[in-house]
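2 protein chains.
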Amino acid sequence: MPPTEKKQPGGSTLGEHLSLLRAATGLTLRQVEEATDKEVSNAYLSQLEKDKISKPSPNILHALAGVYKTSYEDLMERAGYFGSGLSSNKRRAQVATFAVENLTPEEENALLKYLAFIREQRRK
Amino acid sequence: MPPTEKKQPGGSTLGEHLSLLRAATGLTLRQVEEATDKEVSNAYLSQLEKDKISKPSPNILHALAGVYKTSYEDLMERAGYFGSGLSSNKRRAQVATFAVENLTPEEENALLKYLAFIREQRRK
DNA sequence: ATGCAATGCTAAGTATGTCAAGCAATATAT
DNA sequence: ATATATTGCTTGACATACTTAGCATTGCAT
Numbered sequence: 000m001p002p003t004e005k006k007q008p009g010g011s012t013l014g015e016h017l018s019l020l021r022a023a024t025g026l027t028l029r030q031v032e033e034a035t036d037k038e039v040s041n042a043y044l045s046q047l048e049k050d051k052i053s054k055p056s057p058n059i060l061h062a063l064a065g066v067y068k069t070s071y072e073d074l075m076e077r078a079g080y081f082g083s084g085l086s087s088n089k090r091r092a093q094v095a096t097f098a099v100e101n102l103t104p105e106e107e108n109a110l111l112k113y114l115a116f117i118r119e120q121r122r123k
Numbered sequence: 000m001p002p003t004e005k006k007q008p009g010g011s012t013l014g015e016h017l018s019l020l021r022a023a024t025g026l027t028l029r030q031v032e033e034a035t036d037k038e039v040s041n042a043y044l045s046q047l048e049k050d051k052i053s054k055p056s057p058n059i060l061h062a063l064a065g066v067y068k069t070s071y072e073d074l075m076e077r078a079g080y081f082g083s084g085l086s087s088n089k090r091r092a093q094v095a096t097f098a099v100e101n102l103t104p105e106e107e108n109a110l111l112k113y114l115a116f117i118r119e120q121r122r123k
């Protein structure tokens with residue numbers, strides 16, 4: 000058993016979890032740094048595993064999730080992102096309104112602008 | 000007809016997009032601050048919309064996505080998270096669908112018509 | 001006109017994520 | 001035993017997200 004540390008209800012802290020994941024794959028800090036293509040430095044990963052950093056950037060977690068083959072969203076939650084509200088949002092299901100396929104960014108931009116125009120007109 | 004404004008080829012910046020979203024809902028900076036329960040200050044939102052901040056934290060984007068009823072993942076991509084593009088490619092076409100939910104039938108109709116107009120124009 | 005509230009915005013300050021460089025300890029090899 | 005490499009880790013230094021307080025206009029009332 001590893002030495003006891005603060006326990007969060009429902010599991011380990013992010014650092015413990017990351018440490019465990021790395022142990023499971025048997026990689027060294029620098030090997031992970033390599034595997035992430037220098038996106039996560041070994042020094043930083045060390046700090047992460049020792050819980051010295053509260054909220055690493057999503058880029059970091061994304062890269063680590065890739066190396067450890069675990070869920071990026073899970074790491075985000077363990078890092079305390081969106082911690083206050085309910086976990087999974089079902090907003091995506093509602094986006095179906097006006098789901099025009101193959102909308103280019105320029106078109107979306109133009110439509111947003113036009114919508115703002117319409118609503119501004121109606122506002123008074 | 001909204002004024003034509005050309006800036007970035009291939010789409011607007013995160014700031015422009017956020018600005019358009021807010022315009023579409025007709026909210027003021029401080030109203031958004033209220034709506035996010037002080038999670039996004041009006042001053043900060045202003046900086047965001049003027050592209051003075053490159054990578055706002057996911058918390059911010061999550062809160063804004065909630066207020067504007069748009070896709071959080073879309074905002075994350077626009078903010079350049081996971082920008083290296085390996086994992087984002089397959090989602091592209093689908094996320095590009097228009098992501099505003101509060102459309103009235105009349106608005107949807109008007110937007111469809113306007114979209115048709117735009118595409119007609121480009122066809123030439 | 002005049003006071004006043006609201007709107008968008010800026011400036012300066014604080015906090016913190018992130019990195020580069022380097023150190024102590026352990027292992028490995030000659 | 002000595003040298004070399006590898007491992008985990010710490011320590012500054014730096015970049016930047018984010019806040020608080022305030023300013024300049026504009027609109028809205030009286």
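Chains as they are written, first to last, in numbering that gives the first Met the number 0: chain A, 0 to 123; chain B, 0 to 123. Idealized CB from N, CA, C, for every residue including glycine.
Here the stretch 24–41 of chain A does not lie against the stretch 25–43 of chain B, with fewer than 3 beta-carbon pairs under 8 Å apart.
Using a Cβ distance threshold of 7 Å, B/LEU19 and B/GLU48 do not count as a contacting pair. Between the C-alpha atoms of B/LEU13 and B/ASP73 there is a straight-line separation of about 10 Å. For the stretch 28–46 of chain A, the beta-carbon criterion of a distance under 8 Å to any beta-carbon of chain B is satisfied by none of its residues.
The three-state reading of DSSP puts B/SER40 in coil, since its state is none of H, G, I, E or B. Judged by beta-carbon spacing, A/LYS54 lies within the 7 Å limit of A/ALA78, meaning their Cβ atoms are closer than that value.
Listed by position along chain A, the residues whose Cβ is nearer than 9 Å to that of B/LEU74 form an empty set, because the closest Cβ is around 12 Å away. B/ALA78 carries a coil assignment under DSSP once its states are collapsed to helix, strand and coil.
The C-beta distance from A/SER70 to A/ALA64 rounds to 6 Å, short enough to fall under 8 Å.
Per the coordinates, the alpha-carbon of A/ALA23 lies some 43 Å from the alpha-carbon of B/SER11. For A/ILE59, same chain residues with a beta-carbon under 6 Å away, outside a window of 5 residues either side, are VAL39 in chain order. Listed along chain B, the residues sitting closer than 7 Å to A/ALA115 by beta-carbon distance are LEU19, ALA22 and ALA23.
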